[in-house]
């Protein structure tokens, strides 16, 4: 994947204070690009066969349900 020393990626583990500060300093577009990079990596395909479109549709469905 990507060298963590040069490029912070999203993780399921709680971030350190340094990692959190670095993540928050990124633009929204860069955060989204890094999420996409992780989700589109071949290793991610072993966990789920959901596509980015599937994930987005499910997220929109959940968000719509919360607004009701």
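Residue numbers (the numbering used here): 3 to 70. Heads up, the beta-carbon is just placed ideally off N, CA and C, and yes, glycines get one too.
Quick one: what does DSSP say residue i is sitting in, helix, strand or coil?
i          : result
residue 44 : helix
residue 53 : coil
Leaving out five residues on either side along the sequence, give the residues of the same chain with a beta carbon under 6 angstroms from the beta carbon of residue i.
i          : result
residue 65 : none
residue 24 : 10
In chain order, what residues of the same chain have a beta carbon less than 7 angstroms from the beta carbon of residue i, not counting five sequence neighbours either side?
i         : result
residue 2 : The structure shown does not extend to residue 2, since the chain spans only 3 to 70, so no value can be given for it.
Practice task
Identify every run of the beta strand (DSSP E) within the segment 3 to 40, keeping only runs that are complete inside it and at least 3 residues long; order them along the chain.
Solution key: none
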